[in-house]
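Per our numbering, residue 2 is the first one in the sequence shown, and the count goes up by one each step. We treat Cβ as the ideally placed atom computed from N, Cα and C, and that holds for glycine. Written below as structure tokens is the structure these notes are about.
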Amino acid sequence: MPKPIPPPREEGFTTSTAVPLYWVKYGQPSASSGKGSPRLLVLHGGPGADHRYMLPQMLHLGDRYDLLFYDQRGGGLSKADARIPITWQTQVEDLAAVVAEFSLEPLSIVGYSWGAMLALLYAIEQRKNPHFVPPSRLALINPAPLTRDYRRQFEEEFNQRQQSPEIQKLREELAASGLKEKDPSAYRQRSFELGVAGYFSDPRKAADLTPFRVVARVQQSVWDSLGDFDLIRDLEGVKTPSVVVHGRDDPIPLASSVDAARALGTDLVVLDECGHVPYVEQPEGLFAALDPFLHETNPPERS
């Protein structure tokens, strides 16, 4: 079962974005002078999800850092007008506004899945927009597919996994169990686990992931806005210190992250026996990759 999530140190809503975005802070507070714990902006996946499903596992980073999470527009507690399409440009502009509102300079981003892709989109756009704060480092965890073709491969692989005899048998067992009537809460939890099982190297570990909901219209709107995208070719000019981590058994093609690491001129860490959620499946391996990178690239304290 998912572990309990501790309450945040601080929480609130942004005041500089077009719609209020819900944010939380965890970990070691940093001083306004710039001294104290370095700050990390942590971007969740989706699009259309929220920050909570990265918790509590990603709070490991809070042992040394001041962590800021926010629910991206249209997901979680960051409500948006359903009549207005949410695009990748919307999400990049929101990210830039959050960075400015919280004075996140130097800017350190930890991005997971779509959040890693959002961090890369921001880095690409920052080169064209001098008003955006340049990222000082990027930790990219299981990035979303970075080209349209890689996304097609992911969708085919994930759908195939979800239709596998093993998962179909588990669905049938759940339907016949009577759990829906006997214990609706347990039934919802089990249904969620089966809905995300294809993301995992070991589907049983889906039980440890905090349940979440993706707002389908937001997800579709963002992906549609990307068109026939290819971020790999756009990354060639991004020279930010980076690390890329990818689970070997992720339904997202490993080749996508191989290409990204090559374009960024950085290291790729591949985690064995790990799918798309390394902070649940292989937390020791994930943080063995992230902790040294973050320590070595910590910005100097301002005097």
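Per DSSP, cross-strand counterpart(s) of residue i
i	result
Tyr71	Trp24
Glu360	No information on residue 360 is available, as it lies outside the stretch 2 to 304 that the chain covers here.
Val270	Val246
Gly112	Leu44 and Leu141
Phe14	Tyr23
Ser31	Gly37
Reduced DSSP category for residue i - H, G, I as helix; E, B as strand; rest coil
i	result
Pro242	coil
Tyr151	helix
Phe288	helix
Pro204	helix
Phe193	helix
Asp251	coil
Asp231	strand
Pro136	strand
Same chain only: Cβ atoms within 7 Å of residue i, ignoring 5 sequence neighbours per side
i	result
Asp235	Ile125
Trp115	Gly46, Gly47, Pro48 and Ala145
Thr267	Ser243, Val244 and Val245
Same chain only: Cβ atoms within 6 Å of residue i, ignoring 5 sequence neighbours per side
i	result
Asp273	Arg249
Leu139	Ile110, Ala120, Thr241 and Ser243
Rounded separation between residue i and residue j - CA only
i	j	result
Val216	Ile233	27 Å
Met2	Asp292	26 Å
Arg40	Pro30	8 Å
Gly228	Thr88	11 Å
Gln220	Phe133	25 Å
Gln164	Glu102	45 Å
Pro86	Arg74	11 Å
His296	Ser137	13 Å
Tyr280	Tyr66	17 Å
Phe70	Ser17	16 Å
Chain-order list of residues whose beta-carbon lies under 8 Å from that of residue i (same chain, five-residue window excluded)
i	result
Pro284	Gln58 and His61
Tyr151	Ile253, Pro254, Ala256 and Ser257
His277	Ser114, Asn143, Tyr200, Phe201, Gly248, Asp251, Pro252 and Ile253
Asn299	Pro39
Glu12	Tyr23, Trp24, Val25 and Lys26
Ignoring anything shorter than 3 residues or poking outside the stretch 40–104, list the beta strand (DSSP E) runs there in chain order. 40–44 and 67–71
Can you list the beta strand (DSSP E) stretches of 3 or more residues lying completely in the stretch 150–185, in chain order? none
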